[in-house]
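Residues -23 to -1, 1 to 587 in mature numbering (1 follows the signal peptide of the UniProt record, and there is no 0) are what the sequence shown spells out, letter by letter. Just so it is clear, CB atoms sit at the ideal spot from N, CA and C, and this is done for glycine as well. Take a look at the structure below.
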Amino acid sequence: MQYKDMRRLAALGIMLTALGAQAAQHFSVAGDHFELDGKPYVIRAGEMHYARVPRALWRERLQQLRAMGLNTVTTYVFWNLHEAEPGRFDFSDNLDLAAFIRTAREVGLTVVLRPGPYVCAELDFGGFPAWLLRTPGLRVRSMDPRFLEATARYFKRVAQEVAPLLSTRGGPILMTQVENEYGSYGEDHAYMATIQKQLIDAGFDLPLFTSDGPDPTLLDRGTLPGLTPVVNFNGTVDEVKDAFAQLAAFRQNVPRMAGEYWAGWFDHWGERRHQTSPKLAADAVDWMLGQGISFNLYMAHGGTSFGWQPGANSHGTTYQPDTTSYDYDAAIDEAGRPTPKFYAIRAAIERHLAPGERLPDLPAQTATIAVPRFALDESVALVDTLPKPIASRLARNMEAYGQGYGLIVYRKRFAEGASGKLDLGAVRDYAHVLADGATFATLDRRRDEHVTELDLAPGGTLDIVVENMGRVNFGPTLADERKGLTRSVSLADKPLLDWEVFPLPLADVSGLRFARGTPAKRGPTFWRGHFSSSAAGSTFLDTRALGKGHVWVNGHHLGRYWRIGPQQSLFLPAPWLRKGDNEIVILDMDGAPEAPSVQGLRDPVFATPG
């Protein structure tokens, strides 16, 4: 059958109603193509993650995907957010996965679901919950029975949320992914078969697929017989052709699909911002549609890795933490605005529409606004906010104290003073070292720093404030990503014992007690201020006058800032702003010498000093 004939046959299957009143759908894998309701179906998907977009903006963003010409939205499911503690699940508010999928159906999109358990996604620990690391010796992505017991429970709970929305029950979820890029991590087919069986046992009775790089070795390691293998890649049309040639060499008579066509890329702190050509992405889409190949644009809309979500990459001893912004140089930017890439891709898709299909108009967008500069005039030193300490013979990792995210403080008092080489062993990931409340050294894992000189007077106090900058989310080091101090601490080559330890997850900063002015101690400091907003719209908080730290507005943790760039502003979504008075809390780890000030900009700022 010629592809132009397939397009005519697919017309009715592609035209979904914007009101979500379509009849029950049946999706299947039919040899070398997909079928929806018995007609050939080409998936034109874009990735968007519900947890990276405020719920109030879901519909607008999904409508934008539809207006770009996509017929499907793809999303990961973030296990670490849904089960922050073992057996305690949360599918409410911004984590209401079923509501996100129903909204997608209402705007005329089908859905591809990627529940993991591993998702990568530049997410802390690749989406695994940090509590898995509390069990000594537990190995993720393996046949470890303790891990598999947790994954089985997780899949059953996800299925409980989405079962009515599966295509086998007339819902919009077309197919579900088994694991994620496992071929880049391991080659245990028994493990992959177990994850496949767990998904089926949980109730995912619809087509399942795997997603790997196109190299035949990765495909052989990462997929199983009977599962549809899709491939992940970026590049020019020639590189796209090569990717599918490699897939064809690996397995015949399967649908061709780009599980992830990387239409942009993510950023690391301290590096240059990544940007890719709109024409490059549009040409790739044009060629794939001309060949009847399905695709998923990663990302169509990236959004923001709010709070403690960002992960990191690691190559050997090199550690590369990800920025808060997950803009990804996507077709729809972090604030939800179409970019030139959006229009280039839309034009490419329009050239391949089935007869009778018409793309919807772009919906009205939430505006961005400016906020005049305002001062933060209340403060409290971080060391004056510490909770009741835990007595600990050794300075142990964060997870050993039941903590997953945030900061952790290790305190040692020296009645007779102390001096010499202080070796922290291994810093995970950034340490501010304080003498009597004032910072005298910083140690950065990115540079493999863990040694400094200590000189304390009698009666002095040593505080080591360690910040979790994001667990590695890709590669072999992922399995051992514990945070805080992970090896023994020594002074003058002798072990330091008997610590007071203060876990600071910073899940809620509403209980802090502030005072006017600047604290006496020159170390990490919380600042509070207020600003007024009369216009409705999102804004970008300008952080260029700050050092390194975190921002909360009206209780929402916007994420991390750092003067080393490339990100120099933090996205503040319109739904999190109040008309009238708004409260902002900033934790500046470097300890600003005077009351800092902040303004809101209409556009983001990207710059890497030096």
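Keeping to the same chain, check which residues put their C-beta closer than 7 angstroms to that of residue i; ignore five residues upstream and five downstream.
i, result
"residue 469", "397, 398"
"residue 598", "What is shown of the chain runs -23 to 587, which leaves residue 598 out entirely."
"residue 264", "214, 217"
"residue 84", "-6, 36, 39, 40, 43"
How close, in whole Å, do the beta carbons of residue i and residue j come, if the pair is a contact with beta carbons under 8 angstroms?
i, j, result
"residue 426", "residue 404", "7 angstroms"
"residue 438", "residue 568", "16 angstroms between Cβ atoms; not a contact."
"residue 290", "residue 245", "7 angstroms"
"residue 279", "residue 303", "4 angstroms"
"residue 603", "residue 466", "Missing from the structure shown is residue 603; the chain here goes from -23 to 587 and no further."
"residue 58", "residue 28", "6 angstroms"
"residue 177", "residue 139", "Not a contact, Cβ separation roughly 14 angstroms."
"residue 498", "residue 414", "4 angstroms"
"residue 312", "residue 319", "Residue 312 to residue 319, Cβ: 13 angstroms. No contact."
"residue 543", "residue 134", "Not really, about 38 angstroms apart at Cβ, beyond 8 angstroms."
"residue 93", "residue 156", "7 angstroms"
Would you kindly report the start and end of the unbroken beta strand (DSSP E) that includes residue i?
i, result
"residue 565", "557 to 565"
"residue 345", "Where residue 345 is concerned, there is no enclosing beta strand (DSSP E), given that its DSSP letter is neither H nor E."
"residue 237", "234 to 239"
"residue 24", "21 to 24"
"residue 368", "367 to 369"
"residue 577", "574 to 578"
"residue 111", "Looking at the DSSP string, residue 111 is not in any beta strand (DSSP E), and its letter there is neither H nor E."
"residue 477", "476 to 481"
"residue 429", "428 to 433"
"residue 387", "384 to 391"
"residue 441", "437 to 444"
"residue 412", "407 to 412"
Does residue i get closer than 8 angstroms to chain C when you measure Cβ to Cβ?
i, result
"residue 111", "Looking for chain C here will not work: only one protein chain is present."
Can you look up residue i in the DSSP assignment and give me helix, strand or coil?
i, result
"residue 2", "coil"
"residue 37", "helix"
"residue 152", "strand"
"residue 65", "strand"
"residue 466", "coil"
"residue 242", "coil"
"residue 339", "coil"
"residue 421", "strand"
"residue 16", "strand"
"residue 539", "strand"
"residue 255", "helix"
"residue 9", "coil"
"residue 103", "helix"
"residue 206", "strand"
"residue 86", "coil"
"residue 145", "helix"
"residue 71", "helix"
"residue 397", "strand"
"residue 331", "coil"
"residue 350", "strand"
What span of residues does the alpha helix (DSSP H) with residue i cover, start to end?
i, result
"residue 519", "Counting along the chain, residue 519 falls outside any alpha helix (DSSP H), though it belongs to the beta strand (DSSP E) covering 516 to 519."
"residue 125", "122 to 139"
"residue 227", "214 to 227"
"residue 168", "166 to 179"
"residue 74", "74 to 83"
"residue 327", "317 to 327"
Who does residue i pair with in a DSSP beta bridge?
i, result
"residue 53", "91"
"residue 505", "355, 562"
"residue 293", "Paired residue(s): none; residue 293 is not in a bridge."
"residue 192", "Answer is none; residue 192 lacks a bridge partner."
"residue 525", "539"
"residue 281", "302"
"residue 494", "Its beta-bridge partners do not exist; DSSP assigns none."
"residue 452", "Its beta-bridge partners do not exist; DSSP assigns none."
"residue 547", "518"
"residue 271", "234"
For residue i, which residues from the same chain have a beta carbon less than 6 angstroms from its beta carbon, with the 5 sequence-adjacent residues on both sides left out?
i, result
"residue 444", "384, 407"
"residue 376", "110, 111, 459"
"residue 259", "321, 322, 325"
"residue 285", "382"
"residue 581", "517, 546"
"residue 418", "410, 429"
Could you pull out every residue in the same chain whose Cβ sits closer than 8 angstroms to the Cβ of residue i, ignoring the five residues on either side in sequence?
i, result
"residue 340", "37, 40, 41, 44"
"residue 559", "507, 508, 509, 510, 530, 531"
"residue 353", "504, 505, 506, 561, 563, 572, 573, 574, 575"
"residue 489", "357, 362, 503, 505, 562"
Can you tell me whether residue i sits near the ligand GDP, meaning its C-beta is under 7 angstroms from at least one heavy atom of the ligand?
i, result
"residue 242", "Ligands displayed in this structure: none; no statement on the ligand GDP is therefore possible."
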